[in-house]
Structure formats: C-alpha cells, structure tokens
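Undergrad: After the structure tokens below, expect a handful of questions from me.
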Amino acid sequence: MEIGHNIQQRREDKGMSQQDLADYLGISRQSISKWENESALPSFKNVLALSDLFVVSLDELVKGDEALIEKFE
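Under the numbering used here, the first residue of the sequence shown carries the number 10, and numbering increases by one thereafter.
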C-alpha cells in the first residue's frame with residue numbers, strides 16, 4: 010500500500026476532510042490532495058504528526074512505499 014492511499018483511508022476512517030487534516034497539520038489542503046494522489050510526499054515532520062494523529066506506528070504508515078523510504082535514507 011502506498012502512503013497516499015494509506016493517508017486517505019485513515020483520514021476517512023477518522024471522519025476528516027482533506028481540509029480538516031490540512032488545518033491539523035498547518036498546511037494547505039492542496040498538499041493533502043497531492044499526497045493522496047501520489048504526486049508529492051509528506052515531509053518527515055508530517056509523517057510523524059500523521060503517525061500520532063492516526064495512532065499507528067511509522068512502519069504501518071509508510072511500509073511498502075519505497076519512494077518515501079528512499080527519501081528518508
């Protein structure tokens with residue numbers, strides 16, 4: 010599972026809109042849309058915040074997303 014799909018699924022499970030998530034993270038709604046459409050990757054800071062918000066480990070959030078893992082190496 011790619012991180013964009015994972016973010017979208019977990020956001021929807023929490024009943025949050027893209028705007029709600031953007032407001033929580035202090036970023037634009039367009040950034041959330043780009044992540045979910047796999048046209049951009051979240052920063053490490055935002056991955057940590059998402060992990061806390063969704064109450065999942067970093068491994069669960071990013072596992073299988075090789076592009077994101079390579080970005081952090």
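The beta-carbon is built from N, C-alpha and C at its ideal position, and this holds for glycine as well.
May I have the straight-line CA-CA distance separating Glu47 from Glu11, to the nearest angstrom?
TA: Position 38 of the sequence shown, counted from the first residue, corresponds to residue 47. Position 2 of the sequence shown, counted from the first residue, corresponds to residue 11. So the alpha carbons of these two residues sit roughly 8 Å apart.
Undergrad: Beta-carbon within less than 6 Å of Trp44's beta-carbon, same chain only, minus the 5 sequence neighbours each way: which residues are those?
TA: Start at 1 with the first residue of the sequence shown, and residue 44 comes out as number 35. Taken in chain order, the residues that qualify are Gly13, Ile16, Pro51.
Undergrad: May I have the straight-line CA-CA distance separating Gly67 from Ser42, to the nearest angstrom?
TA: On the sequence shown, position 58 is the one that residue 67 refers to. On the sequence shown, position 33 is the one that residue 42 refers to. It should be pointed out that residue 67 corresponds to Leu in this sequence rather than to Gly. Approximately 20 Å, taken between the alpha carbons.
Undergrad: Can you find the residues in the same chain that come closer than 7 Å, C-beta to C-beta, to Leu62, ignoring five residues on each side of it along the sequence?
TA: Looking up residue 62 in the sequence shown gives position 53. Counting only Cβ-Cβ distances below 7 Å, and skipping sequence neighbours, we find Tyr33.
Undergrad: Report buried or exposed for Val71, applying the criterion of at least 16 other Cβ atoms within 10 angstroms of its Cβ.
TA: Within the sequence shown, residue 71 is the residue found at index 62, counting from 1. Buried.
Undergrad: Could you give the DSSP three-state label for Glu64: helix, strand or coil?
TA: In the sequence shown, counting from the first residue as 1, residue 64 sits at position 55. Before going further, note that residue 64 is Val rather than Glu in the sequence given. Residue state, collapsed to three classes: coil.
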